[in-house]
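In this note's numbering, the protein residues as written are 21 to 291. Glycine is no exception: its CB is placed at the ideal position from the N, C-alpha and C atoms.
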Ligand SMILES: [Fe+2]
Ligand SMILES: [Fe+2]
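Written out as structure tokens, the structure is:
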């Protein structure tokens, strides 16, 4: 299976780049499954239903979220009707929405996508490791599903590596989101799971992790309440990872970074 994962879409710049470029990117990579993290799409905070629809129409199969899942309240009823948009699986029981979804992939194949949030330097949620373990016990890679993608929305690389190694051999891809900065450690782990500590964002990198640099920097210089944050408006770089997997095992055969448009050095998998 040919998987494309794109990190946190930030603001209008990220949305515009995604909707403009994803159809062509999906076609040129001949991607079978596209997963996009959308938690910052709405002015940096949350995901409005119309934006989710636009991402799905542009070629996303599944949209994941994170700590900004509830910033746009309209998403709550939307999650009940749209299973392809998922929020972290380790929110407490009774939380609206779902933390995982199985989608059909062309060629009579099925893929599991799980979203989970880390706990280091983040909100105290339920155990994310046991949440992912439960999903991977329900759906077995290479048996009931052909691919499994885990979006680990977390701050600390240590926690993300612990995730990668814990589920090495049980998932096709364990990929981090939330820091908005792509890491250069993309690799296939010893057991066959593709891994990258952070996919990076789909946003303007002339910024502080997607937000206009003046106001965002000021928040570090002085501790006044109410410093306004707004997304940077320059051209976005679409950032993520392309993974090719073996349908028989669900494990990774190849992994390559994607950086398209905007300021960052460009990277495109050879196809
Ligand atoms: Fe984010
Ligand atoms: Fe986040």
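Where residue i falls, given that 16 or more other Cβ within 10 Å makes a residue buried
i           : result
residue 34  : buried
residue 152 : buried
residue 90  : buried
residue 334 : Examination of residue 334 is not possible in this model, given that the chain is present from 21 through 291 alone.
residue 111 : buried
residue 180 : buried
residue 32  : buried
residue 227 : buried
residue 155 : buried
residue 178 : exposed
residue 30  : buried
residue 197 : buried
residue 157 : exposed
residue 75  : buried
residue 73  : exposed
residue 234 : exposed
residue 127 : exposed
residue 98  : buried
residue 100 : exposed
Segment limits, beta strand (DSSP E) that includes residue i
i           : result
residue 83  : 82–84
residue 137 : 129–137
residue 111 : Element bounds for residue 111: n/a, residue is neither H nor E.
residue 196 : 193–197
residue 123 : 120–125
residue 25  : 22–26
Beta-carbon spacing of residue i, residue j below 8 Å
i           : j           : result
residue 192 : residue 84  : no
residue 143 : residue 57  : no
residue 82  : residue 125 : no
residue 279 : residue 287 : yes
residue 114 : residue 230 : no
residue 270 : residue 165 : yes
residue 171 : residue 199 : no
residue 223 : residue 174 : no
residue 131 : residue 77  : no
residue 67  : residue 96  : no
residue 281 : residue 256 : yes
residue 202 : residue 251 : no
residue 161 : residue 225 : no
Min CB distance residue i to chain B below 8 Å
i          : result
residue 86 : The structure shown has no chain B; it contains just one protein chain.
Counting pairs of beta carbons, one from the stretch 251–262 and one from the stretch 22–31, are three or more of them closer than 8 Å? These segments touch.
Which runs of the beta strand (DSSP E), 3 residues or longer, sit entirely within the stretch 203–290? Entirely contained in the stretch 203–290, the beta strand (DSSP E) runs reaching 3 residues are, in chain order, 214–216, 258–265, 272–280.
Hey, which unbroken runs of the beta strand (DSSP E) at 3 residues or more fall wholly within the stretch 151–182? Within the stretch 151–182, the runs of beta strand (DSSP E) that reach at least 3 residues and sit entirely inside it are, in chain order, 167–173.
At 4 residues or longer, what runs of the alpha helix (DSSP H) sit wholly inside the stretch 32–101? Qualifying alpha helix (DSSP H) stretches, in chain order: 69–78, 95–101.
Between the stretch 204–212 and the stretch 176–191, do three or more beta carbon pairs fall short of 8 Å? Taking 8 Å as the limit for Cβ pairs, the verdict is that the stretch 176–191 does touch the stretch 204–212.
Answer yes if the stretch 89–108 comes into contact with the stretch 118–138, meaning at least three C-beta pairs across the two stretches below 8 Å, and no otherwise. Contact between the stretch 118–138 and the stretch 89–108 is present, because at least three Cβ pairs lie under 8 Å.
Check whether the stretch 39–46 touches the stretch 237–250, taking contact to mean three or more Cβ pairs, one atom from each stretch, closer than 8 Å. Remark: fewer than three beta-carbon pairs, one from each stretch, lie closer than 8 Å, so the stretch 39–46 and the stretch 237–250 are not flagged as touching.
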